[in-house]
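Single-structure report; data block below.
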Amino acid sequence: MCRIINFLLALLSRFLFAVHGVVTVWRVVAVKGEPLYWLLLMGVALLGVEMAVTIKCTRNAEWKWFSPMVFLYLSTVIPSIWFLELSLLQYKLPVNISSGPELEELLAHIPISADILQLDPENWAAGLEQTMLIVLVLGRWLMPKGDMSRDQLSQLLMVYVGLGADILDIFDTFKEPEVKTNRAVIIMGLTLFSWALMQFPLVLTQTSPPKAHLQPCLSQPISPQRGLSQGGSVAVVEGLPGAHPSCYRPCCSSEVWSLLLTVGLQDGPFLVYRLYLMIRENVLNQLMIFFTCKNILVVLLEFYRIFVVQCEQQGEACLGGLESRLSTTTVHDWGLTLRDASYQPRSTPKPSYKLYQLLCLLTCSSDGETLNS
Numbered sequence: 001m002c003r004i005i006n007f008l009l010a011l012l013s014r015f016l017f018a019v020h021g022v023v024t025v026w027r028v029v030a031v032k033g034e035p036l037y038w039l040l041l042m043g044v045a046l047l048g049v050e051m052a053v054t055i056k057c058t059r060n061a062e063w064k065w066f067s068p069m070v071f072l073y074l075s076t077v078i079p080s081i082w083f084l085e086l087s088l089l090q091y092k093l094p095v096n097i098s099s100g101p102e103l104e105e106l107l108a109h110i111p112i113s114a115d116i117l118q119l120d121p122e123n124w125a126a127g128l129e130q131t132m133l134i135v136l137v138l139g140r141w142l143m144p145k146g147d148m149s150r151d152q153l154s155q156l157l158m159v160y161v162g163l164g165a166d167i168l169d170i171f172d173t174f175k176e177p178e179v180k181t182n183r184a185v186i187i188m189g190l191t192l193f194s195w196a197l198m199q200f201p202l203v204l205t206q207t208s209p210p211k212a213h214l215q216p217c218l219s220q221p222i223s224p225q226r227g228l229s230q231g232g233s234v235a236v237v238e239g240l241p242g243a244h245p246s247c248y249r250p251c252c253s254s255e256v257w258s259l260l261l262t263v264g265l266q267d268g269p270f271l272v273y274r275l276y277l278m279i280r281e282n283v284l285n286q287l288m289i290f291f292t293c294k295n296i297l298v299v300l301l302e303f304y305r306i307f308v309v310q311c312e313q314q315g316e317a318c319l320g321g322l323e324s325r326l327s328t329t330t331v332h333d334w335g336l337t338l339r340d341a342s343y344q345p346r347s348t349p350k351p352s353y354k355l356y357q358l359l360c361l362l363t364c365s366s367d368g369e370t371l372n373s
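In terms of UniProt numbering, the sequence shown has 51 at position 51, counting the first letter as 1, and numbering is strictly consecutive.
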């Protein structure tokens, strides 16, 4: 039953991507007047093959760190948006002026409302760009979770919504009077737009493994009245030889990788782009200043978060080294020796009295032998 549900969800999410990809490519064909642009559908055409391979080769109908489905969808949509934006820059003309007879004959077989055809080209481009990000979020929500929990999926969807809103801000810079006809600035903005969308095929959930807590072997002091003399000693020696647990820790957690990707793919390049527009192109207005300050603040907060997470990870590494040294405990008193009292870390600090009870039994037996003698 679970596999059937995963199959239906995988089919529905890919159908959603395919429909939006077909509409986007159709718009490019209508603007350019060349049926050759239908080849842009190659990406969404491979979604069926990708779905079969994914269901056959994965346990939960979804890959763990990378989503080929989202990548194939973006390989169709991103070039289409490039063509639409460059056409707006070059021509600013209605759709039917550049349409040839072959295109008109081809589009005549597609039932499309006349009101839709008469939409402004700029509104068409903006609508497709906005719905693209909505489709990305809905598609990620509908597709099988894979190895992610519901908490991780909800966190990832919220991250996608925030990323999409920030990415759409880049198109507002194209409407500034100082740069709306500057081809270099438009191409630079489209490049950053494409670069930022590469975050969506990656699945980096910001989770970390549960932390182990040290717990004392003896939760209460052993008094001389219970049988141990004042000269008694408790010695903790190094554990059994083995690999240090911190040797297998990754250099960065998934949260750090996610933050680094966000800085490198979006916030950092967007900050440089906006600073260039303000300094070189003299684009100075309230929105530009606000978004530039927001980018600066976000980058600083992300680096601060990376620093905090790395410090916590180093603390856990030191804790792991201490755990390895507490793997064997030896207690000496009156010639009695208790060996191999293993230390067992737990996810939550719960006091253990087993060793204490064992010591009490030993001391009681020693008291009994003394009284008998």
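Ideal Cβ placement from N, Cα and C applies to all residues, glycine included.
Being a predicted model, the structure only gives us computed values, none of them experimental.
DSSP places L136 inside the alpha helix (DSSP H), whose first and last residues are P121 to L142.
Inter-segment contact for the segment 71-87 and the segment 14-30 is present: three or more beta-carbon pairs are separated by less than 8 angstroms. Distances from the CA of A52 to each of R14, L36, T131 and F171 were compared; the closest alpha carbon is that of R14. When only Cα atoms are considered, P68 and W141 end up about 15 angstroms apart. Pairwise C-beta distances place the segment 272-287 in contact with the segment 181-192, as three or more of them are shorter than 8 angstroms.
Checking the DSSP bridge columns, you'll see F71 has no partner listed. In the structure shown, F290 adopts helical secondary structure according to DSSP, grouped into three states. Of the residues assessed, V28 falls on the buried side of the cut-off, its CB having 16 or more other CB atoms within 10 angstroms.
DSSP places F66 in the strand class (E or B) of the three-state scheme. Counting only runs that start and end inside the segment 12-57, the alpha helix (DSSP H) elements of at least 4 residues fall at 42-45 and 47-57. In summary, T76 is buried, with 16 or more beta-carbon neighbours lying within 10 Å of its beta-carbon over all protein chains present. Ranked by how close their Cα comes to the Cα of I279, the residues G268, E178 and L163 have E178 in first place.
Just measuring C-alpha positions, the residue of S80, E50 and P79 sitting nearest F66 is E50. Residue range S254 to T262 is occupied by the alpha helix (DSSP H) that includes E255.
Segment contact: the segment 127-138 against the segment 162-182, three or more CB-CB distances shorter than 8 angstroms; contact assigned. Secondary structure note for P177: it is in no alpha helix (DSSP H), with a DSSP letter that is neither H nor E. Between E255 and R305, the C-beta gap is smaller than 9 angstroms, which places the two residues in contact. In this structure A125 is in contact with L88, their Cβ atoms being roughly 6 angstroms apart against a cut-off of 8 angstroms. Around L128, the same chain offers T24 as residues with beta carbons nearer than 6 angstroms, after the five sequence neighbours per side are excluded. Scanning its chain for C-beta atoms nearer than 8 angstroms, with the 5 sequence neighbours on each side dropped, one finds around N285 the residues E176, in chain order.
Judged by beta-carbon spacing, E62 lies within the 9 angstroms limit of A10, meaning their Cβ atoms are closer than that value. Taken through DSSP and simplified to helix, strand or coil, L202 comes out as strand. In the DSSP annotation of this structure, the continuous segment of the alpha helix (DSSP H) that includes V272 starts and ends at G268 to I279. Taking C-beta separations shorter than 6 angstroms and ignoring five residues to either side along the sequence, the partners of G43 in its chain run L72, S75 and T76, following chain order. No Cβ-Cβ contact shorter than 9 angstroms links L40 with F17.
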